[in-house]
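K.L.:
Protein chains in written order, with my numbering: chain C, 68 to 379; chain L, 11 to 295. Idealized CB from N, CA, C, for every residue including glycine.
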């Protein structure tokens, strides 16, 4: 197990290293002088030279890469061109908002999805199962940003049940501001998780420990809830870990639609002002988040199912 | 040839017998029809401005109202379908072709090449899709080609991995070993003998991938980083509707519903195709 964990995290580090290097080289390979783009056409040559030196762009490319990695290892992602603040500070100031949103989305969608899937599996091929299946497929088909826009239109603008803008102050206000964006991100997951749990429930229900529990005369309700469901929700853990990338992507859109602070809003704002250090920093952090959560999902999977350890 | 045609016929009949599949076929059919004949269907020029009748609600003259520049929303929705497919089809087929080639090489070629290609796939997959798209757009600027490139790049690994797994399971089967012992080249083995066994699975994946691609194009256009105005895209409709959500809410509905419908249609079609082509796949997902 330890062997598997080391290999898996080694692979993650390698992937992260290649991804970051590619990102770095891509930014340097862009046609046009980044300094000129940032300062605009009317900047004086002195100002341009000053910024070029400040960004380290006068060094050869391999040296820039080395300096970049040296700084990265010290937790330094560079400096914001306009405000002069550290990119690490800016990104980590926004990150909690995004994580809060992702967590809320997973929480409600997984709870509902598991309940729906378990119910459908306990009553297979009934009308309710069929309806749940149809709803599941339809939910899966709803892109988060479209749901976000329609939810904004109906619940915030038209009915005015929930706030349309921002993240709020204080616990209850923040929760109030989370409802619509978390709804939009989580909706497609409800259907996905429900289908997953239903399928794995049906498989587990046929296994011997469930049959034994039944044979002991344990109430059907308890058999389903305790003995079958506990095993059947394991795939959900993996799916959420691997789905971190989708969740992050949806969060970007939800943050824009609801004008919430967060990584997504930070990136979009930085793109329009061509603030490369911030774009780079945010993409790096979100990629790291994704890579780590995928690795964790693999580890949990391997911990629970020894067969997965040799599959890679 | 005769045999494969009847096989294709059987697949279509199989999909049409499944109620969800039939629904998918109809929705996709309508969208494709509207996209092909958009020029004859639209009641107004989708990019013609008419300031006098700007921001009008739905009426008999303008079924879905008009936007802030007086453009007819219904015409833009229809023309937007054409743009969506223009991005989705080349991107999906391009990604499938490249992923298939790389995946087969990874599965059949030497071990070091396999490792290298897998690292390449894993690296691309490690970027959250939208973040990758945003980074690329920030660097090379928004355009239709950028969107196609981003979509292709992000979905190559999916096709590549499936093609690789299929190739790995087939590479030691008897008909491949027989071919190899007769001295067939790698290109011949992969192109003539492997390909027909893999392509069906990939086609199902492609059908299920199209909605993701349509949503990504619309999403980027919504952020103002996709196709350039005044090109009518569903995402651009949403963008206009979002900025004036209190004045022209019908734009949000007009841009949002076709995306949901298209997603539904292709998902139904893809799932039904999967069940007909290869019922085993159902368990793998």
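With a floor of 4 residues, list each alpha helix (DSSP H) that falls wholly inside the region 181-243 of chain L, ordered by position along the chain.
P.N.:
The region 181-243 of chain L contains these whole alpha helix (DSSP H) runs: 184-191, 205-232.
K.L.:
Hey, does residue 26 (chain L) have any beta-carbon neighbour from chain C nearer than 7 Å?
P.N.:
It does not: the Cβ of residue 26 (chain L) has no partner Cβ on chain C nearer than 7 Å.
K.L.:
Is the region 209-222 of chain C close to the region 281-292 of chain C, with three or more CB pairs under 8 Å?
P.N.:
Result no; under three Cβ-Cβ pairs closer than 8 Å.
K.L.:
Would residue 114 (chain L) and residue 177 (chain L) be called neighbours here (beta carbons separated by less than 7 Å)?
P.N.:
It is a contact, given that the beta carbons lie within the stated cut-off.
K.L.:
What are the boundary residues of the alpha helix (DSSP H) that residue 300 (chain C) is part of?
P.N.:
Note, residue 300 (chain C): premise wrong, no alpha helix (DSSP H); not H, not E.
K.L.:
Enumerate in chain order the residues of its own chain whose CB-to-CB distance from residue 166 (chain L) is below 6 Å, with the five nearest sequence positions on each side excluded.
P.N.:
Result list for residue 166 (chain L): 105, 108, 109, in chain order.
K.L.:
Closest Cβ-Cβ distance between residue 258 (chain L) and chain C: below 7 Å?
P.N.:
It does not; no Cβ of chain C falls within 7 Å.
K.L.:
Could you give the C-beta distance for residue 172 (chain C) and residue 249 (chain C), rounded to a whole number, given that I count them as a contact under 8 Å?
P.N.:
Indeed, because the Cβ distance is near 5 Å, the residues count as touching under 8 Å.
K.L.:
Note down the Cα distance separating residue 124 (chain C) from residue 323 (chain C), rounded to an integer number of angstroms.
P.N.:
In a straight line, the C-alpha of residue 124 (chain C) is about 32 Å away from that of residue 323 (chain C).
K.L.:
By alpha-carbon positions, which one of C:299, C:286, C:272 ends up nearest to residue 260 (chain C)?
P.N.:
For the residues C:299, C:286, C:272, the minimum Cα distance to residue 260 (chain C) belongs to C:299.
K.L.:
Put residue 69 (chain L) into one of helix, strand or coil per three-state DSSP.
P.N.:
Three-state result, residue 69 (chain L): coil.
K.L.:
Along the region 135-147 of chain L, what residues have a CB closer than 9 Å to any CB found in chain C?
P.N.:
So the list reads 135, 136, 137, 138, 139, 140, 141, 142, 143, 144, 145, 146, 147, given in the order they occur along the chain.
K.L.:
Can a CB atom of chain C be found closer than 7 Å to the CB of residue 132 (chain L)?
P.N.:
Yes, residue 132 (chain L) counts as interfacial toward chain C.
K.L.:
Taking just the CA atoms, how far does residue 236 (chain L) sit from residue 229 (chain L)?
P.N.:
Going by the C-alpha atoms only, they are around 8 Å apart.
K.L.:
Quick check: the region 163-181 of chain C against the region 326-334 of chain C, are there 3 or more CB pairs under 8 Å?
P.N.:
Contact between the region 163-181 of chain C and the region 326-334 of chain C is present, because at least three Cβ pairs lie under 8 Å.
K.L.:
Interface residues of chain C around residue 42 (chain L) at Cβ under 8 Å?
P.N.:
Ordered by position in chain C, no residue passes the 8 Å Cβ test against residue 42 (chain L), which lies about 18 Å from the chain.
K.L.:
I'd like to know if residue 109 (chain L) contacts chain C, where contact means its C-beta is closer than 7 Å to some C-beta of that chain.
P.N.:
No, because no Cβ of chain C sits closer than 7 Å to the Cβ of residue 109 (chain L).
K.L.:
Where do the N-terminal and C-terminal ends of the alpha helix (DSSP H) with residue 235 (chain C) fall, by residue?
P.N.:
Segment: none, residue 235 (chain C) is in no alpha helix (DSSP H) and carries neither H nor E.
K.L.:
Look up residue 153 (chain C) in the DSSP assignment and say whether it is helix, strand or coil.
P.N.:
It is a strand residue.
K.L.:
How would you list, in chain order, the residues of chain L whose beta-carbon sits under 7 Å from the beta-carbon of residue 212 (chain C)?
P.N.:
Under the 7 Å cutoff, chain L gives 229, 232.
K.L.:
If you compare alpha carbons, which of C:313, C:336, C:238 is closest to residue 207 (chain C)?
P.N.:
Minimum Cα distance to residue 207 (chain C) is reached at C:313.
K.L.:
Quick one: residues in its chain with C-beta nearer than 6 Å to the C-beta of residue 232 (chain L), no 5 flanking neighbours on either side, listed in chain order?
P.N.:
Within the same chain, residue 232 (chain L) has close Cβ partners 245, 248, 249.
K.L.:
Look at residue 140 (chain L) and residue 316 (chain C) and say whether their C-beta atoms are less than 7 Å apart.
P.N.:
In contact: residue 140 (chain L) and residue 316 (chain C) (Cβ atoms closer than 7 Å).
K.L.:
Would you say residue 248 (chain L) faces chain C, with C-beta separation under 7 Å as the test?
P.N.:
Yes, residue 248 (chain L) lies at the interface with chain C (some Cβ there is under 7 Å from its Cβ).
K.L.:
Going by beta carbon distance, what residues of the same chain come within less than 7 Å of residue 13 (chain L), once the five residues before and after it are set aside?
P.N.:
Note that residue 13 (chain L) has pLDDT 48, beneath the 50 cutoff, so the model's placement of it is unreliable and the number below is only indicative. The answer is none, since no qualifying residue turns up.
K.L.:
So that I know if they touch, is there some Cβ in chain C lying closer than 7 Å to that of residue 225 (chain L)?
P.N.:
Yes, its Cβ sits closer than 7 Å to a Cβ of chain C.
K.L.:
Check for me: the alpha helix (DSSP H) holding residue 135 (chain L) runs from which residue to which?
P.N.:
Start and end: 121-136.
K.L.:
Take the Cβ of residue 260 (chain L) as the centre, count every other Cβ of all protein chains shown within 10 Å, and call the residue buried at 16 or more, exposed below.
P.N.:
Buried, since its Cβ has 16 or more Cβ neighbours within 10 Å.
K.L.:
Would you say residue 270 (chain L) faces chain C, with C-beta separation under 7 Å as the test?
P.N.:
Yes, residue 270 (chain L) counts as interfacial toward chain C.
K.L.:
Do you know whose CA, among C:247, C:120, C:254, C:350, lies nearest residue 226 (chain C)'s CA?
P.N.:
For the residues C:247, C:120, C:254, C:350, the minimum Cα distance to residue 226 (chain C) belongs to C:247.
K.L.:
Just the C-alpha distance for residue 202 (chain L) and residue 287 (chain L), rounded to the nearest angstrom, thanks.
P.N.:
C-alpha separation (whole angstroms): 20 Å.
K.L.:
Is it right to say residue 89 (chain C) is buried, meaning 16 or more other beta carbons lie within 10 angstroms of its own, or is it exposed?
P.N.:
By the neighbour-count rule (16 or more Cβ atoms within 10 Å), residue 89 (chain C) is not buried but exposed.
K.L.:
The region 305-322 of chain C: which residues have C-beta closer than 7 Å to a C-beta of chain L, in chain order?
P.N.:
Going along the region 305-322 of chain C in chain order, one finds 312, 315, 316, 319, 320 with a Cβ nearer than 7 Å to chain L.
K.L.:
Taking the straight line between their C-alpha atoms, what separation do you get for residue 293 (chain L) and residue 188 (chain C)?
P.N.:
Because the pLDDT of residue 293 (chain L) is 46, which lies under 50, any placement of that residue in the model is unreliable, and the question is left without a value.
K.L.:
Please decide whether residue 149 (chain L) counts as near chain C, where near means a Cβ-Cβ distance under 7 Å.
P.N.:
Closer than 7 Å: yes.
K.L.:
Could you check whether the region 281-290 of chain C touches the region 336-344 of chain C, counting it as contact only if at least three pairs of C-beta atoms, one from each stretch, sit closer than 8 Å?
P.N.:
Too few Cβ pairs lie closer than 8 Å, so no.
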